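Beneath this line is the structure, given in structure tokens, with notes to follow.
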Amino acid sequence: MIGTIGELADLVQGSEPVYLRYSCGFEADRDSNSRDGESGLALPGLSVNPLTPERWWTRPLTDWLARQICQYRHLARDEERFPWVLTGSCVGRGPDCEPLLADVRPLGRLHEDLLQEAGRVYDENFDTGNRP
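Residue numbers for the sequence shown follow the numbering used here, beginning at 86 and rising by one.
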């Protein structure tokens, strides 16, 4: 269990690319791939969101992490889904340009305290109503 945004930052800085997924967890996902809801097509991997920031990101890593976590927190409204961290091989992009992973390795689940901390960081540091 990853308990703070600082712990998550340490994990992201110390390894290969790290991703976030909201689902029923690794055990439920281990033998499956994602499916595009609109077309019904099977995707070649699990749909994830990057926790490793892009090189153009010049703000603090914790801001990137908070943004990534909060942008997709609506996916956890289903009580069976929760956010967890993973790595693997990027095998393509989904219909919304999200990375698709194969050979997935779970790295940990995000604790509720971390989710609340990410929400505070996101609300304090971003103009969340300002969209392009």
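Yeah, the Cβ is synthetic: ideal placement off N, Cα and C, and Gly gets one too.
Predicted, not measured: the structure shown is a model, and the values here were computed from it.
Buried or exposed for residue 202, going by 16 or more other Cβ atoms inside 10 Å?
For this step, residue 202 is matched to residue 117 along the sequence shown. Residue 202 is buried by the Cβ-count criterion.
Span of the beta strand (DSSP E), counted from its first residue to its last, around residue 187:
On the sequence shown, position 102 is the one that residue 187 refers to. Where residue 187 is concerned, the enclosing beta strand (DSSP E) stretches over 184 to 194.
With the cut-off set at 8 Å, would you say residue 90 and residue 136 are in Cβ contact?
Counting from 1 along the sequence shown, the entry for residue 90 is found at position 5. Counting from 1 along the sequence shown, the entry for residue 136 is found at position 51. Taking 8 Å as the Cβ cut-off, residue 90 and residue 136 do not qualify as a contacting pair.
Closest by CA to residue 210, which one among 144, 125, 159 and 138?
Walking along the sequence shown from the start, residue 210 turns up at place 125. Of the candidates 144, 125, 159 and 138, the one whose C-alpha sits nearest the C-alpha of residue 210 is 144.
Closest by CA to residue 168, which one among 182, 191 and 187?
Position 83 of the sequence shown, counted from the first residue, corresponds to residue 168. Measuring from the Cα of residue 168, the nearest candidate turns out to be 191.
Residues near residue 103 by beta carbon distance below 7 Å, same chain, minus five either side:
Your numbering for residue 103 matches position 18 in the sequence shown. So the qualifying residues of the chain are 96, 97, 136, 137, 170, 172 and 192.
Return helix, strand or coil for residue 147, following the three-state DSSP convention.
In the sequence shown, the residue the question calls residue 147 occupies position 62. Note: residue 147 maps to helix in three-state DSSP.
If you follow the beta strand (DSSP E) that residue 80 is in, where does it begin and where does it stop?
The shown model of the chain, from 86 to 217, leaves out residue 80, and the question about it has no answer.
Rounded to a whole number of angstroms, what is the C-alpha to C-alpha distance between residue 200 and residue 108?
As a working mapping, residue 200 is identified with position 115 in the sequence shown. As a working mapping, residue 108 is identified with position 23 in the sequence shown. Rounded to the nearest angstrom, the two C-alpha atoms are 15 Å apart.
Do residue 186 and residue 131 come within 8 Å of each other at the CB atom, strictly closer than that value?
Start at 1 with the first residue of the sequence shown, and residue 131 comes out as number 46. Start at 1 with the first residue of the sequence shown, and residue 186 comes out as number 101. In this structure, residue 186 lies closer than 8 Å to residue 131 by Cβ.
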